[in-house]
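Single-structure report; data block below.
Numbering (the numbering used here), first residue to last: 7 to 219.
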């Protein structure tokens with residue numbers, strides 16, 4: 007099958023593009039967040055230290071782990087099979103705590119198929135593996151346009167795919183998140199995992215870009 011395909015499953019080039027740009031949270035949202043946080047502390051639901059620890063944990067998560075996972079999958083067919091069978095278990099081999107995470111499905115890009123991830127309802131994202139989502143991922147423009155005109159959105163990220171490559175847009179939910187396994191670039195045969203991981207950017211793990219040598 008060729009062309010663009012949209013799957014809605016509900017139950018090295020990292021920058022923001024004007025068409026999918028998300029502004030910083032509005033002041034009223036910041037005030038609401040602060041009020042809720044202060045209320046939780048006042049009611050004894052959480053302590054300030056517990057909230058701070060969670061924020062620090064989130065800040066410590068980066069796409070580097072996802073890049074290492076991709077590099078291992080490119081280098082080790084047995085690991086790749088484990089990743090495609092159960093991405094959460096595969097991530098645990100890299101020390102990722104997935105005990106409180108949603109199901110994570112790894113989707114392999116091939117010569118004929120390219121996956122692109124969106125969350126049309128909010129901003130569901132496999133944070134434990136690839137860190138916090140970029141602002142554009144949460145924007146209403148990206149969430150709508152990725153489904154309607156994925157090729158145009160990809161082009162704005164500098165990703166131009168042949169017409170015979172099917173683009174499959176997958177929709178993250180609170181219960182299921184996605185990790186894209188990009189197609190390995192030609193000319194990287196014999197590279198170490200460290201060198202391979204260095205060319206895997208955050209956006210290629212979402213499917214809006216592809217790794218480039």
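No residue lacks a Cβ here, since even glycine has one placed at the ideal position from N, Cα and C.
Three-state class that DSSP yields for residue i in the structure shown
{"i": "residue 173", "result": "strand"}
{"i": "residue 112", "result": "strand"}
{"i": "residue 211", "result": "helix"}
{"i": "residue 99", "result": "coil"}
{"i": "residue 42", "result": "helix"}
{"i": "residue 72", "result": "helix"}
{"i": "residue 91", "result": "helix"}
{"i": "residue 105", "result": "coil"}
{"i": "residue 6", "result": "The requested residue 6 is not part of the displayed model; the chain covers only 7 to 219."}
{"i": "residue 218", "result": "coil"}
{"i": "residue 53", "result": "coil"}
Counterpart residues of residue i in DSSP-defined beta bridges
{"i": "residue 124", "result": "177"}
{"i": "residue 119", "result": "172"}
Check whether residue i and residue j have beta carbons under 9 Å apart
{"i": "residue 132", "j": "residue 185", "result": "yes"}
{"i": "residue 87", "j": "residue 182", "result": "no"}
{"i": "residue 136", "j": "residue 71", "result": "yes"}
{"i": "residue 49", "j": "residue 115", "result": "no"}
{"i": "residue 111", "j": "residue 93", "result": "yes"}
{"i": "residue 219", "j": "residue 176", "result": "no"}
{"i": "residue 206", "j": "residue 96", "result": "no"}
{"i": "residue 179", "j": "residue 134", "result": "no"}
{"i": "residue 212", "j": "residue 143", "result": "yes"}
{"i": "residue 119", "j": "residue 159", "result": "no"}
Close-in-space but distant-in-sequence residues of the same chain around residue i (CB under 8 Å, 5 per side omitted)
{"i": "residue 150", "result": "126"}
Spatial neighbours of residue i in its chain, beta-carbon cut-off 7 Å, leaving aside the 5 residues before and after
{"i": "residue 68", "result": "137"}
{"i": "residue 153", "result": "12, 124, 126, 175"}
{"i": "residue 79", "result": "85, 86, 89, 187"}
{"i": "residue 130", "result": "178, 179, 180, 183"}
Curious, which full-length beta strand (DSSP E) runs of at least 3 residues does the segment 132-205 contain?
Runs of the beta strand (DSSP E) lying entirely within the segment 132-205 and spanning at least 3 residues, in chain order: 172-177, 182-187.
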